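Colleague:
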Amino acid sequence: MKLVQLAEACDVEGVLRELGALTPDERAAQADALEARRTTLRDGWYNRPEKERGAQLAAELGCRTDPVAAADWIHQEDNHGVLGRRLPLGGTWMLDIVNLHPVAWRAELAARLAEQWEPYSQQEDTAQLIEHLVHDTGCPLPTTDGFIEGWLSSRRPGRQHPAHLRGGVQPGASLLERLRADDLSPKFLPLVLERPGIEFDVHLFHHMWADKSLTHAMENTLLGVFISLSAEGMVDRGALIRRVFSELAATPEQASSAMDVLTVLALTPAERASVSRERTAIAEQLLSQLLQDGPRRQTAPPLAYLRALALTPAENAPALRTHVALLDLSLPVATYAQEVLTGLDEAGLLEPEVLTEVCERVLLRPEKKLVRAQLTRLDRAARKDPARAARTVLDAATAFDHRDVDVQERALNVIARHLGAAGDSVLPELRTAAARISPGLAARAADLFGTGPDHLTEPYADTLPAVPEPRPVPVPIETAAEVAEEVAAVVANDRDVVMFERALDGLVRHAHLDRAALVRALKPVMRQEPAWYTDSTQSDVYDVAAALVGEEPRERHFAARLESLGFSVAGELLAARLAEAIDIIEADAQPFLLAVPTDSTGALDAAALVRRISVLDGLGVTPAPVDLAQALLRVTTTVDEKVLAAAGELRSEAGRRLAQWLHEGGLPHRDSEPENWPGDHPGKSLTDWLRYERPQPTTGPPLLPAAAALLGPYRPSGFSGMLPFWLAQLPHHREVVLTRGDFGYLVFIQNWAPTLPFAAESGGPAGFALHLALVYSLTYEQPVERDAGVDALLVLAARDS
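Here the sequence shown stands for residues 177 to 977, where the numbers follow the working numbering.
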């Protein structure tokens with residue numbers, strides 16, 4: 177009977193008998209018929225009866241009379257699992273087929289199976305077959321990466337070795353026990369550490385420790401097992417450490433996992449030195465992450481990882497400038513940088529000029545902890561080495577510019593202790609610095625430094641800062657290279673309104689002038705994607721540049737986030753402008769944007785907007801609707817008869833809309849103070865007041881739909897809100913923006929107060945909402961938040977004066 181007929185009859189035993197009765201050539205001759213039948217069975221293959229599948233597979237393998245062909249068949253994707261749990265009837269028939277061939281054939285099969293192994297594509301069962309063939313034929317033990325991986329996998333707890341295969345796992349309840357007793361471990365385990373192609377997942381240790389226990393992780397992960405076996409001398413601990421750091425360097429983002437790895441590895445100082453290059457490379461990647469800064473939850477993992485790496489001052493020295501730059505970032509990041517730089521100073525690796533720069537960056541920060549630590553370091557250094565006294569007192573005098581009197585006094589104490597050793601040469605500079613000291617300390621400073629400038633003894637008078645004037649927006653960007661630079665700057669810092677507006681306009685302008693040149697200039701910029709935010713932010717200008725260059729939209733493209741997450745009303749208008757800019761560029765429909773402001777608050781001079789619309793009218797260009805809507809919201813109303821007359825002469829629809837807008841005075845201002853305040857609102861806390869801030873639709877000239885939502889009924893959102901661009905969208909109506917800041921929600925949110933100085937500089941009445949925001953900002957614990965409120969308060973006070 178033909179093999180194909182026996183397979184159709186589901187007769188596995190019959191297939192084996194027939195194969196034994198046929199010559200190799202007779203078996204090979206039936207391969208095509210079996211393959212044709214298999215083609216008809218592929219759909220629903222695993223739903224076929226077990227005996228039918230077993231008979232078909234046995235017949236197919238039996239017809240592969242060449243060991244290379246047999247190995248290929250076993251490795252085919254459709255036949256994966258041929259020795260695994262899915263194999264019909266336990267797979268005992270496999271050995272009957274293999275044993276039809278001579279020893280040399282089986283040895284060649286083992287070698288081919290090992291050579292052709294593709295990581296992650298086969299299970300440990302293939303390794304078990306190879307191991308059986310080695311025992312059965314006496315052929316050389318394969319040492320390919322794939323075979324060793326399969327061998328390791330077959331030794332894991334829960335894996336059972338088929339009784340009909342020779343060799344296999346030794347008894348044991350854990351991976352450690354099994355490998356400790358395995359005859360192949362002394363040969364294979366050192367190769368695991370030497371070969372990067374063999375998987376060595378050090379991060380599994382962290383997850384198993386978290387899910388199970390430290391003991392379980394030590395006994396059932398490769399890291400834990402190798403640590404134990406290295407202590408017993410079975411593997412070299414130095415090789416293990418090198419392999420571990422090779423894996424850590426490839427995954428710097430897995431900080432929490434890496435810290436567990438370093439904890440359990442417990443490196444000695446000599447071992448840390450042996451992987452100095454690897455540890456330094458990891459630290460370099462972590463420092464790059466920190467340069468992006470961010471909230472504490474974002475910076476805490478890389479900071480903890482850096483401390484766990486425990487770099488020496490000599491290892492930190494090449495990254496000196498990076499650590500100096502970190503001093504300007506958030507408190508946790510700056511604290512770490514200060515620690516490292518202090519270590520460099522103590523090791524004699526910090527030049528005096530760099531230490532002075534460090535003091536200039538640290539001693540004026542609002543966080544007293546950082547300032548005190550820096551002054552203490554200066555004090556101790558001068559005590560230990562009086563030769564440093566002159567530099568110490570001058571560096572400490574930087575703190576005279578600090579707004580906190582306690583800090584100034586502490587700096588004065590440090591200077592007083594070391595002034596004698598510093599000598600008289602420092603007195604002129606100290607007198608100059610003391611001109612900025614608090615009036616309460618001026619007399620003491622004059623005593624210490626001798627007769628100084630007259631104003632040290634003049635009566636002190638409070639003065640407000642100069643009223644900040646709106647900064648004019650520079651002229652349009654002139655070259656494609658400058659556009660690329662501006663886009664990169666916005667991606668790195670998305671809070672600068674002027675920079676964003678010039679970048680967006682620059683993309684439109686230069687795509688119109690010379691798109692090819694702009695594409696060439698932008699390509700390097702596309703390598704750095706912006707940070708991810710739920711709401712739309714100005715850094716999403718990256719997506720406009722990417723579309724211009726012709727790149728596929730990134731996964732977090734603003735349009736995808738809008739569809740899946742939704743934006744605030746301000747974010748929706750921004751996203752509409754970005755989408756429209758992409759369309760303008762693709763259609764080459766407009767040579768520039770109307771809505772680019774003329775000053776830093778977002779305001780747009782009426783005469784400038786009249787000129788822009790007039791240019792478009794002359795070119796026969798109809799302005800894009802969202803661009804026009806934003807321009808109208810920004811335009812500053814005027815009583816200048818010449819400007820109004822010029823607007824009235826515009827004949828396009830956009831021109832007539834502008835003329836009407838200016839004639840009617842734009843949007844009317846709305847008082848944000850609740851009715852009958854405060855009589856009907858006797859709340860005792862800020863949160864009792866805040867819930868009354870719900871602006872209603874504002875009447876005025878008709879708005880285009882893209883901008884209407886900004887002034888429509890209140891729509892609560894979960895966004896932290898009030899970025900500078902929110903205010904720049906309505907530069908004459910900050911009260912409307914602030915009342916949509918959802919103060920009640922922001923009771924639990926920080927990082928929005930730094931926008932308050934921008935709100936204070938913006939236009940429109942300073943009403944209930946702005947004053948409430950200022951009061952609220954002063955209740956924050958973080959000095960940076962409070963300082964922003966104070967700065968905004970000073971701006972308002974200066975304007976009122």
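Each residue gets a CB set at the ideal place from its N, CA and C atoms; glycine is no exception. As the structure is a prediction and not an experimental result, all values here were calculated from the model.
1) May I ask whether a heavy atom of the ligand MG can be found less than 8 Å away from the beta carbon of E705?
2) Quick one: which unbroken alpha helix (DSSP H) runs of 4-plus residues sit fully inside the stretch 571-634? Chain order, please.
3) Is the stretch 758-772 close to the stretch 677-688, with three or more CB pairs under 8 Å?
4) With distances taken from CA atoms, which of A486, F625, G599, D580 is nearest S614?
5) Let me know the secondary structure DSSP gives P528 once reduced to three states.
6) Does DSSP put D775 in a helix, a strand or coil?
7) Quick test of the definition: if touching needs 3 or more C-beta pairs under 8 Å, does the stretch 236-248 touch the stretch 192-208?
8) Use the C-beta contact count for A942: other C-beta atoms within 10 angstroms, 16 or more gives buried, fewer gives exposed.
9) What do you reckon, are the CB atoms on A210 and V180 nearer than 9 Å?
10) Which value, in whole angstroms, describes the spacing of the CA atoms of W249 and R335?
11) My output table needs one value for P648: the three-state DSSP class, helix, strand or coil.
12) How would you label Y222, buried or exposed, when you count the other beta carbons within 10 angstroms and need 16 or more for buried?
13) Between the alpha carbons of L795 and G841, how many angstroms are there, rounded?
14) When the Cα atoms are used, what is the spatial distance from L360 to Y709?
15) Name the residue from E911, A821, L804 whose alpha carbon lies nearest to the alpha carbon of P844.
16) Give me, in chain order, the residues of the same chain whose beta-carbon lies closer than 7 Å to that of E869; leave out the 5 immediate sequence neighbours on both sides.
17) Could you name the residues that DSSP lists as bridge partners for V811?
18) Beta-carbon separation of L463 and A493 under 9 Å?
19) So is E307 buried or exposed if we call it buried at 16+ other beta carbons inside 10 Å?
20) Specify the secondary structure class of M898 as computed by DSSP and reduced to three states.
21) Whole alpha helix (DSSP H) runs in the stretch 784-844 with 4 or more residues, listed along the chain?
22) Any idea what DSSP makes of A185, helix, strand or coil?
23) Can you round the beta-carbon distance between L886 and V745 to whole angstroms, since I take them to be within the 8 Å contact cut?
24) Determine the closest residue to F676 out of A687, A611, I653, with distance taken between C-alpha atoms.
25) Can you list, in chain order, the residues of its chain whose CB lies under 8 Å from that of L341, leaving out five sequence neighbours each side?
26) Could you check which residue in T774, A723, L588 has the C-alpha nearest to that of L617?
27) Near V427, which residues of its chain fall below 6 Å by C-beta distance, leaving aside the five closest residues on each side in sequence?
28) Which value, in whole angstroms, describes the spacing of the CA atoms of A197 and H277?
29) Should the stretch 650-670 be regarded as contacting the stretch 737-756, the criterion being three or more beta carbon pairs within less than 8 Å?
30) For L443, tell me which candidate among V420, A425, E829, S432 has the shortest Cα-Cα distance.
31) Of the residues G939, V538, E491, which one's Cα is nearest the Cα of S506?
32) Which residues in the same chain have their Cβ closer than 7 Å to the Cβ of R567, if we skip the five residues on either side of it in sequence?
33) Please go through the same chain and pick out, in chain order, the residues whose beta-carbon is closer than 8 Å to the beta-carbon of H578, but skip the five residues on each side of it.
34) Roughly how many angstroms separate the alpha carbons of V966 and L932, rounded to a whole number?
35) With a 10 Å radius around its C-beta and 16 neighbouring C-beta atoms as the bar for buried, classify P900 as buried or exposed.
36) By Cβ distance, which residues of its chain are closer than 6 Å to A597, with the 5 residues on each side in sequence left out?
Modeller: This is what the structure gives:
1) Of ligands this structure carries none, so the ligand MG is not represented either.
2) Segments of the alpha helix (DSSP H) lying fully in the stretch 571-634: 581-598, 603-610, 615-625.
3) The stretch 758-772 and the stretch 677-688 touch, with no fewer than 3 CB-CB distances between them shorter than 8 Å.
4) D580
5) helix
6) strand
7) yes
8) buried
9) A small correction: the amino acid at residue 210 is Leu; Ala does not occupy that position in the sequence shown. Yes, they are a contact pair.
10) 25 Å
11) strand
12) exposed
13) 28 Å
14) 52 Å
15) E911
16) Unreliable placement is indicated for E869, whose pLDDT of 48 sits below 50; the coordinate value is still reported in the next sentence. Within the same chain, E869 has close Cβ partners S848, T915, F919, A945.
17) L780
18) no
19) buried
20) If DSSP states are grouped into helix, strand and coil, M898 belongs with coil.
21) 801-810, 817-824, 829-839
22) coil
23) That pair is a contact at about 6 Å.
24) Of A687, A611, I653, the residue nearest in Cα terms is I653.
25) L271, Q304, L305, E307, H308
26) In terms of Cα proximity to L617, the closest of T774, A723, L588 is L588.
27) Note on identity: in this sequence residue 427 is Thr, with Val being the wrong assignment. Excluding positions up to five away in sequence, the list is empty.
28) 13 Å
29) no
30) Residue V420 is the option with its Cα nearest to L443.
31) Minimum Cα distance to S506 is reached at V538.
32) P528
33) L539, L540, V547, Q584, A587
34) 9 Å
35) buried
36) P562, A565
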